[in-house]
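full-length UniProt numbering puts the first residue of the sequence shown at 1, with every later residue one more than the last. Beta carbons: idealized from backbone N, C-alpha and C, even for Gly. Since we're looking at a predicted model, the values are computed, not measured. A quick write-up on the structure given underneath.
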Amino acid sequence: MISKHVDKGWPVRKRGQCPTSPGTEMSTTFVMEQRLHPIERLLLGLRYVQNFLRRRHPREQKTKKKRDKIAIMHEIYYLWRILRGLCLLPATFTETGYISFSWTSWVTLLTVSFWAVMAPYAAMVCYLIAAAEIEKTGDQKEGLQEFSQMAAVTIVTMFEVYVPVPLFLSMRSFTKLTYSWERMEIKYLKLTGSPPKLGIKPLTYGLFVITQVYSVILLVGLHDQIGWPFWMMLPFTHAVLCTVSITMVWVSGYVAIAVLAYDLARRTFKDCEAQGVTGLRRHRLLWLHIVKLLHTFHSCWSAVQAPLIFWTFVISTLYFFNFIRTLMLSWDGLSACVYSFTILTCKEINLLRKLGQNLLVWIACAGCLFFVCFSAQIATESVTCARQTVLRLPLSRRGAFFQNEAFTFLEEMREKQLSLTLNGFIAINRSRVITMMVVALTYCIVLSQFTLLK
């Protein structure tokens, strides 16, 4: 029997057929028997919209292959973890190595809480140290060694008060750094067909172990000599460990950038001959991106490294007097002299008298400086090598597009060069390293004259 609603145009269905069953078509039909319920109409409409969206935006397969981690994050991932453990990197890490920052994350809240406690605690310790030293000396004139030790601990402890502000302000640069590394690796993959291989993990592991052993020796020796309790040395200990970790990240980043620059310079002639204008253009864009990556790397740690430059200069000035006095007047105490990031002179510590431990400290300090300077030298030589390679290309046999691209490449390499710096402030190159050595030698001679006149 035909329903009376058919003539009026109402959608009907057969008796016993469910509109949501698999055999039901996703359209309303004017068939016999019974009118559709409003809820059934709603379900049909929702199913139609769902199928329409699936056709336009197909669901991704769950078996999609995960992307590999960014090369630099894979090589020094443990250093990033250590920085976060020291509350120097309030960020989270994704599976592919990205650094993401959010003010509402638990890592940020933990870091803010740590610095909110550590900053006033460090200021209180500095005040107690200064008050105790003034009360102990009274009206007597304090010796240079005691004053240097007090100034060393006080200035380094103020690192805990200064660091939080530039640290949080530079987090945007850290997030840019990982994305910049990924874009660089994508361009490198298009050029060479394989991801970059840095191979700096064994180097960073070795340097990190040496510098951490150096930090422990330094802290134990200073505690035994000064005699302050450990709870007063806690901010100083954290500051020294932060300094060592920051320096390791700095050195590792420079070595990685130098390795990439050297590899590009070595492949320039081969890629330009094989790919022509496309290869030369890819080399130029990749080179510009590496320069931009280096500037982003500088902006991450430059503000945080500012107190390191300050207290290194102040403490080195104070301790050089004592170092020269020991060198000129007391040969017995020479084996206990430690030249480090803080230029400490420890004369009464049996632990530091051992030759192996002294050599370890010297290797740690000289090793970091050597690798920074070595990276700068490699980057500088890579620029020269790439220029000479482009100039050796047979430009006369090429077309106008290739010649214009080559001239543009040479001009941009001249204007935008790799500029490696020491802690983001002092540019490093061959001539600058020699100048620094000459200035340091002159500085020692002048200080020795002042010391011997006393």
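Asked: DSSP-derived helix/strand/coil call for residue 100; Found: strand
Asked: Residue 157 vs residue 235 beta-carbon contact at 8 Å; Found: yes
Asked: Span of the alpha helix (DSSP H) around residue 161; Found: 159-162
Asked: For residue 93, the residue or residues it bridges with in DSSP; Found: 99
Asked: Meets three-Cβ-pair contact criterion under 8 Å: the stretch 87-96 and the stretch 204-218; Found: no
Asked: Backbone secondary structure at residue 246 - three-state DSSP; Found: helix
Asked: Proximity winner among 237, 300 and 276, relative to residue 253 (alpha-carbon distances); Found: 300
Asked: Rounded C-alpha distance that separates residue 121 from residue 82; Found: 22 Å
Asked: Start-to-end residues for the alpha helix (DSSP H) that takes in residue 85; Found: 77-85
Asked: Residue 398 versus 387, 280, 295 and 388, residue with shortest Cα-Cα distance; Found: 280
Asked: Residue span of the alpha helix (DSSP H) that contains residue 456, given as start and end; Found: Since the displayed the chain opens at 1 and closes at 454, residue 456 lies outside it and no answer follows.
Asked: From 386, 199 and 77, residue whose alpha carbon lies closest to that of residue 412; Found: 386
Asked: Three or more C-beta pairs below 8 Å linking the stretch 279-299 and the stretch 172-183; Found: yes
Asked: Own chain, CB closer than 6 Å to residue 488, minus 5 neighbours either side, in chain order; Found: In this structure the chain extends from 1 to 454, so residue 488 is not present and cannot be described.
Asked: Whole-angstrom distance between residue 85 and residue 248, CA atom to CA atom; Found: 15 Å
Asked: Cβ neighbours of residue 403 in the same chain (closer than 6 Å, five flanking residues each side left out); Found: 395
Asked: Residue 435 burial status per 10 Å Cβ neighbour count (16 or more: buried); Found: exposed
Asked: Supposed close pair residue 162, residue 286 - CB separation, criterion 8 Å; Found: Contact flag wrong, Cβ pair sits at about 37 Å.
Asked: Same chain only: Cβ atoms within 6 Å of residue 378, ignoring 5 sequence neighbours per side; Found: 258 and 262
Asked: Local conformation of residue 266 per DSSP, three classes; Found: helix
Asked: C-beta contact flag for residue 119 and residue 164 at 8 Å; Found: yes
Asked: Separation of residue 390 from residue 76, as counted between CA atoms; Found: 33 Å
Asked: Three-way DSSP call (helix, strand, coil) for residue 294 in this model; Found: helix
Asked: First and last residue of the uninterrupted alpha helix (DSSP H) at residue 88; Found: No alpha helix (DSSP H) holds residue 88; DSSP gives it neither H nor E.
Asked: Residue 127 to residue 231 span [Cα, whole Å]; Found: 14 Å
Asked: Pair within 8 Å by beta-carbon distance, residue 181 and residue 70; Found: yes
Asked: Status (buried if at least 16 other CB within 10 Å, exposed otherwise) for residue 172; Found: exposed
Asked: Same chain only: Cβ atoms within 8 Å of residue 200, ignoring 5 sequence neighbours per side; Found: 75, 76, 252, 255, 256 and 259
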